[in-house]
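Chemist: Quick one: structure below, then a few questions.
Chains as they are written, first to last, in this note's numbering: chain E, 1 to 485; chain Y, 486 to 592.
Structure below.
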C-alpha cells in the first residue's frame with residue numbers, strides 16, 4: 001500500500017465508526033482519480049477531524065462539563081483524593097517550571113538583551129571557570145574592541161551611606177563609565193556616568209537605585225545634584241535608576257571606579273566584564289577578536305601574564321551570552337529537577353487513573369443505562385473526558401495556588417542562592433504551562449477508562465446491578481499496567 | 486439534525502456542484518477550498534437534502550483499475566435553493582467591490 005493511502009487509513013481512526021469505511025473509500029477514489037500525491041492525502045486529516053468534532057458544540061461541551069461536575073460532586077471523597085493528588089503533582093511542576101522560566105528561559109530584563117555578553121576569561125588549568133579583568137586588561141580591551149559597541153567592568157561592594165539619620169549599609173557596585181550604556185538602561189532622573197568619571201582625580205559621583213531613593217531619600221526628586229557621604233567620601237548624586245533595575249542583583253547604589261590611566265593595576269583580575277555586541281557581530285567572532293587581544297596584552301605585559309602562564313593555565317578569552325554567566329551553574333540542576341517532578345506528576349496521574357478505573361467498575365449499571373438510552377461510544381468518551389478534564393483543571397487551579405505560595409519557600413530552602421530569583425514568579429507562560437500540564441494530565445488519566453471501555457452487556461448489567469460487564473478483564477489489565485508504572 | 490443556514494461556503498459548494506463539479510476533489514479545486522472546509526460543506530448540504538450522493542458502479546470502476554468514486558448531485562430542493570445561494574454570493578461580491586461601505590451607511 002502506498003504512503004498516501006496508508007496515511008488516509010491512519011487518520012481514519014478519527015472518523016466515527018459507522019462512517020469510516022465509506023470515508024476511506026471516498027478518499028481512495030478521489031486520490032486515485034487525481035494522481036494520489038501525499039500533499040493531497042494530507043487533506044484527509046482536517047476532513048477526519050471535522051467529522052470527529054461535528055457534533056461538538058459549545059452548548060454540548062458545557063452540558064458535559066456540568067454533568068461531570070455533578071458526577072464528581074456526588075463522590076466527594078474520591079474527588080478530593082484525586083484532586084489533591086493532582087494538585088500536588090501539578091503544583092510541584094508549576095513551581096519548578098516557574099523557576100526554570102524565570103532563571104533559564106526568560107530573557108534578561110534589558111533592551112535587546114540578546115546582544116549582551118559576558119566578556120571575561122577562563123583558566124581551566126587553574127580550576128577557575130571565570131577569570132575577570134584587571135584595570136590594565138580592561139583599558140587594553142576598551143581601546144581595541146571592534147566587535148563590541150560598548151564594554152564595561154564592575155565589582156560588587158557594600159557602601160556605607162550617611163544621611164540625616166543613621167549610617168546605612170547598602171549593596172553597591174563600583175563600575176566603569178559605560179556600565180549603564182552596556183545594559184541599555186537610562187536613569188529615571190538625572191544621568192549615568194560620563195566618560196572620565198571613572199578615572200583618578202574625577203569628581204566623586206554616584207547613581208542611586210530606585211528602592212534606596214524611595215526609602216532613604218523619600219522619593220525626593222531634588223536629590224539629584226545633592227552631596228551624600230558614602231564610605232567617608234562626599235559624592236554628588238547624578239542620577240536615580242528606574243524601578244526594577246538591579247544589576248548586579250544586590251546593587252542599590254553605583255559609584256564609578258577610580259582608575260589611574262598612568263599606572264593601572266595590571267595583575268589583580270577582580271572586575272567582571274560585560275559588553276554589548278556591535279550590530280552584525282556574533283559571540284564567536286567577538287570571542288576570536290578577544291583571544292587575539294588577550295595574546296597582544298600578554299605580549300605587552302609579559303611580567304604580569306606571560307604566554308607560558310597563559311598556556312599552563314589554559315587561560316583564554318571566554319565571551320558568552322551574559323545570561324550564561326549567571327545561570328550556567330544551575331542550568332543542569334534545574335532541568336533535572338523539572339524532569340524529576342515530571343515523574344512525580346506521572347505517578348500522580350497513574351494513581352488517579354487507577355482511582356478512575358476502580359470507579360468505572362462501580363459505574364457499569366450507569367453505563368448500561370446510558371447505553372440503553374442511546375448513548376454511543378463517542379458520547380461515553382466525551383463523558384469520561386469531561387470528568388477527567390474537569391478534575392484535572394480543578395487540580396491545576398489548586399496546584400497553581402500551591403505553587404505560588406510554595407515557590408518562595410522552595411527558594412529559601414535552596415542549598416545555593418538561585419540566580420535571578422527576583423524574576424521568578426507566576427507569569428503568562430507559567431499559566432500556559434500549568435494549563436497544558438493540566439489538560440495533558442486529564443487526557444492521560446482519562447484515557448485508561450476510555451481504552452478499557454467496552455459496550456456493556458445491557459441485560460446483565462441492568463439485571464445484576466452492574467456485576468457482569470464485559471469490560472472487567474480490560475480494566476484489570478489497565479490497572480496492572482498502572483501499578484507497574 | 487439542526488436547522489440549515491446557507492452560508493457563503495455552502496453557497497459556493499452548491500453552485501460548484503450545480504456547475505457540474507460532482508466529486509469531492511473537483512469541488513475543492515473549483516471553489517479553492519481546503520478539504521476541511523469543502524467536505525463538511527458537502528455533508529451539511531447532503532444532510533439538509535440539497536445534495537444527494539451516489540456511489541458509481543463498482544464493476545465499471547474496477548474495470549478501469551481504480552476504486553469507485555462518490556458522486557454528488559443536486560436534489561430538487563437543491564435546485565430550488567440555488568437562487569438563494571446565488572444571492573448570497575452576489576451579496577459577498579457587492580461587499581468586496583464596494584470601496585467604502587462604512588461611509589455609505591453612515592452618510
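Quick reminder that beta carbons are idealized off the backbone N, C-alpha and C, glycines included.
Measuring only the C-alpha atoms, how far is residue 325(E) from residue 391(E)?
Modeler: 42 Å
Chemist: So residue 39(E) contacts chain Y; which residues on that side make the cut at Cβ distance below 9 Å?
Modeler: Within chain Y, no residue comes near residue 39(E); the closest Cβ sits about 11 Å away, beyond 9 Å.
Chemist: Among 24(E), 189(E), 317(E) and 305(E), whose alpha-carbon lies nearest the alpha-carbon of residue 552(Y)?
Modeler: 24(E)
Chemist: Starting from residue 557(Y), find everything on chain E with Cβ-Cβ shorter than 9 Å and list it in chain order.
Modeler: The contacting residues do not exist; residue 557(Y) stays about 10 Å from chain E at best.
Chemist: Out of curiosity, what's the CA-to-CA distance linking residue 86(E) and residue 239(E)?
Modeler: Cα-Cα distance, rounded: 50 Å.
Chemist: Counting only beta-carbon separations shorter than 7 Å, does residue 2(E) have a partner in chain Y?
Modeler: No, its Cβ sits nowhere closer than 7 Å to a Cβ of chain Y.
Chemist: With a cut-off of 7 Å, does the C-beta of residue 552(Y) fall near any C-beta of chain E?
Modeler: yes
Chemist: Does DSSP classify residue 588(Y) as helix, strand or coil?
Modeler: A caution first: residue 588(Y) carries a pLDDT of 46, below 50, which makes its placement in the model unreliable, though a value can still be read off. Looking at residue 588(Y) - three-state DSSP - the assignment turns out to be helix.
Chemist: Residue 272(E) lies in the alpha helix (DSSP H); which residues open and close that run?
Modeler: Under the DSSP assignment, residue 272(E) falls outside any alpha helix (DSSP H), being part of the beta strand (DSSP E) whose first and last residues are 272-277.
Chemist: Tell me whether residue 504(Y) sits in a helix, a strand or coil according to DSSP, three-state version.
Modeler: coil
Chemist: Identify whether residue 306(E) lies in helix, strand or coil by the three-state DSSP scheme.
Modeler: coil
Chemist: What does the alpha-carbon distance come out to for the pair residue 82(E) and residue 494(Y)?
Modeler: 46 Å
Chemist: Find the residues of chain E that neighbour residue 509(Y), judging by a C-beta separation of less than 7 Å, and give them in chain order.
Modeler: Near residue 509(Y) (Cβ distances below 7 Å), the residues of chain E are 26 and 30.
Chemist: By Cβ distance, which residues of its chain are closer than 8 Å to residue 6(E), with the 5 residues on each side in sequence left out?
Modeler: none
Chemist: Any contact of the segment 211-231 of chain E with the segment 268-280 of chain E, i.e. 3+ C-beta pairs under 8 Å?
Modeler: With a cut-off of 8 Å, the segment 268-280 of chain E and the segment 211-231 of chain E do not count as touching, because too few Cβ pairs lie within range.
Chemist: Mind pulling the chain Y residues with CB within less than 9 Å of residue 50(E)?
Modeler: 520, 521, 522, 524, 525 and 528
Chemist: In angstroms, rounded to a whole number, what distance separates the CA positions of residue 554(Y) and residue 339(E)?
Modeler: 51 Å
Chemist: Would you identify the three-state DSSP class for residue 151(E), choosing helix, strand or coil?
Modeler: strand
Chemist: On the CB-based measure, 16 or more other CB atoms within 10 Å of its CB, does residue 312(E) come out buried or exposed?
Modeler: exposed
Chemist: Do the segment 50-67 of chain E and the segment 297-305 of chain E touch if we need at least three Cβ pairs shorter than 8 Å?
Modeler: no
Chemist: Determine, using beta carbons only, whether residue 406(E) comes closer than 7 Å to chain Y.
Modeler: no
Chemist: Check whether the segment 186-206 of chain E and the segment 124-139 of chain E touch, using three or more Cβ-Cβ pairs below 8 Å as the test.
Modeler: no
Chemist: One question on the structure: do residue 64(E) and residue 382(E) come within less than 7 Å of each other, judged by their Cβ atoms?
Modeler: yes
Chemist: Suppose you measure from the CA of residue 111(E) to the CA of residue 262(E); what does that come to, to the nearest Å?
Modeler: 35 Å
Chemist: By a C-beta neighbour count over all protein chains shown, 10 Å radius and 16 as the cutoff for buried, is residue 547(Y) buried or exposed?
Modeler: Under this definition residue 547(Y) is an exposed residue.
Chemist: Rounded to the nearest angstrom, how far is the Cβ of residue 153(E) from that of residue 133(E), given a contact under 8 Å?
Modeler: 5 Å
Chemist: Pick out whichever of 524(Y), 566(Y) and 511(Y) has its Cα sitting closest to the Cα of residue 35(E).
Modeler: 511(Y)
Chemist: Once DSSP output is grouped into helix, strand and coil, what is the label at residue 258(E)?
Modeler: coil
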